[in-house]
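Chains A and B, in that order, give the protein sequences.
Here this note's numbering is used: the first residue of the first sequence is 708, the next is one more, and so on.
Here this note's numbering is used: the first residue of the second sequence is 1327, the next is one more, and so on.
I have placed the structure first, in the form of structure tokens, so that the comments after it can refer back to it.
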Amino acid sequence: SQTIHQWPATLVQPVGSPLSLECTVEGTSNPNLYWYRQAAGRGLQLLFYSVGIGQISSEVPQNLSASRPQDRQFILSSKKLLLSDSGFYLCAWSSWFIENSPLHFGNGTRLTVT
Amino acid sequence: SQQGEEDPQALSIQEGENATMNCSYKTSINNLQWYRQNSGRGLVHLILIRSNEREKHSGRLRVTLDTSKKSSSLLITASRAADTASYFCATDRSTGTASKLTFGTGTRLQVTL
């Protein structure tokens, strides 16, 4: 069966510090991968998605970047965090070969920028 | 901008009652999906309804879709305390293989004993 791992679960970082969040998927090949951010009391905002190694699409301009160095690894990064980067970050995957494949989410990383 | 908007924002019912949540959206869609989120956790997919479908059932869940009104509803019958969670609708506007879902702000459901 497929599983998705996301770490760390919580993170407190000072303004201006770098960020690296990692997500890995097991049990499937060539998944579509996504990073979403959820602000407190709000819905999810799609940040990045990837349909293959090295292929990154950005949905909104921001202080973050994403990379996919391996088929089942997705990394969210920032060189210098802003207070507004605080939030709940969720990684997800979907199947590329199933039409209308639902998203399967990790358990998220709660980031607090102080 | 948010594509889906859920109504109500919060709902409190007693165990055994039915819970109905509504979702409105603004543009044409390929499909609409409902997800559930327990506090502090990731989202779990519940059900998907395609744009050419009007109603779909899965266990105690019933989803309807009215594309002319750009709205959907999620009905949970015979609710249980374990149904306590936030529920989100998500619209799929993707044209390629990736599912570019746009989520609403969610309905927080509280089921009490």
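Note that the Cβ used here is the ideal one computed from N, Cα and C, for glycine as well.
- Chain order gives no chain A residues near Ala-1404/B, where near means a beta carbon separation below 8 Å; the closest approach is about 24 Å.
- The count of Cβ pairs closer than 8 Å, one atom from the segment 1390-1403 of chain B and one from the segment 1344-1357 of chain B, reaches three, so the stretches are in contact.
- Each residue's CA atom was taken as its position, placing Lys-1352/B and Asp-778/A some 35 Å apart.
- Shown here for Glu-1381/B: same chain residues with a beta carbon closer than 6 Å to its own, the five before and five after excluded, namely Thr-1390 in chain order.
- Counting every other CB atom within 10 Å of its CB across the protein chains shown gives Asp-1392/B a total below 16, marking it as exposed.
- Using a Cβ distance threshold of 8 Å, Gly-750/A and Gly-1368/B do not count as a contacting pair.
- For the options Gly-794/A, Phe-781/A, Thr-717/A, the alpha carbon positioned closest to that of Asn-737/A is the one of Phe-781/A.
- Distance between Gly-748/A and Phe-755/A, taken at the CA atoms: about 21 Å.
- By the rule that beta-carbons nearer than 8 Å mark a contact, Gln-1359/B touches chain A.
- Looking at the DSSP output, Ser-1405/B bridges to nothing.
- The beta carbons of Gln-1359/B and His-1371/B sit closer together than 8 Å.
- Unbroken beta strand (DSSP E) stretches of 3 residues or longer found wholly inside the segment 725-762 of chain A: 726-733, 739-745, 751-759, given in chain order.
- Listed as beta-bridge partners of Ser-1397/B by DSSP are Ser-1350/B, Asp-1392/B.
- Taking 8 Å as the cut-off, the Cβ atoms of Gln-1335/B and Thr-1438/B do not count as close.
- By DSSP's assignment, Lys-1382/B forms a beta bridge with Val-1389/B.
- Within the DSSP bridge table, the entry for Leu-1435/B names Leu-1337/B, Ala-1411/B as partners.
- About 6 Å separates the beta carbon of Gln-713/A from that of Thr-816/A, a gap short enough to meet the 8 Å contact definition.
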